[in-house]
């Protein structure tokens with residue numbers, strides 16, 4: 013790996029770590045809000061969905077902070093998937109057992125701080141997904157497939173060294 017590629021990889025991991033920190037802050041605020049509102053406001057479906065998502069989140073954070081090679085891909089999957097699911101659970105009006113709807117949720121203790129924590133967590137999840145995508149793009153540009161093969165080679169009609 014060239015020095016330039018190493019520097020890009022280091023920048024990517026640094027960006028990914030910062031994104032994880034934003035996600036952790038949002039997660040902490042959102043979790044504190046759930047304890048403030050009472051966990052009895054959650055359906056069992058939301059409780060278990062969140063539990064699985066949180067375990068996956070801890071795994072992704074561990075992959076990122078240990079510099080594991082799968083961290084960028086895991087970040088993309090976790091970040092974007094969880095942001096969509098999180099928004100569906102909290103920002104849509106009550107729609108199923110998978111709802112903990114913030115619209116109309118005043119009777120369940122939903123306040124401005126609930127919205128703030130949720131928005132910060134979603135911003136963190138989107139940042140994690142975007143940073144993971146950035147790292148995958150960096151890696152794809154330095155992979156063997158980027159030069160002299162399918163992307164630049166015979167399949168494009170160009171045959172290097174063809175007489």
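Residue numbers (my numbering): 13 to 175.
Yeah, the Cβ is synthetic: ideal placement off N, Cα and C, and Gly gets one too.
All figures in this text were calculated on a predicted structure; none of them were measured in a lab.
Distance, residue 42 Cα to residue 138 Cα: 16 Å
Validate contact between the region 16–35 and the region 135–155 using beta carbons, cut 8 Å, 3 pairs: yes
Environment of residue 124 [buried if 16+ CB atoms lie within 10 Å]: exposed
Inter-residue spacing [alpha-carbon to alpha-carbon] between residue 90 and residue 102: 17 Å
Terminal residues of the alpha helix (DSSP H) in which residue 43 lies: 15–49
Residues near residue 76 in its chain [Cβ-Cβ closer than 7 Å; skip 5 each side]: Only 28, 29, 32, 83, 87 meet the Cβ criterion.
Beta-carbon contacts of residue 55 that lie in its chain and below 8 Å, excluding the five residues immediately before and after: Excluding positions up to five away in sequence, the list reads 109, 110, 111, 112.
Closest residue to residue 93 among 140, 132, 16, 15 (Cα-Cα distance): 140
Local Cβ density within 10 Å of residue 98, reported as buried at 16 or more and exposed below that: buried
Burial state of residue 52, where buried means 16 or more other Cβ atoms lie within 10 Å: exposed
Euclidean distance between Cα positions of residue 104 and residue 13: 46 Å
Residue nearest to residue 40 in terms of C-alpha spacing, selected from 154, 126, 143: Closest by alpha carbon: 126.
Integer Cβ distance of residue 37 from residue 132, believed to fall under 8 Å: 6 Å
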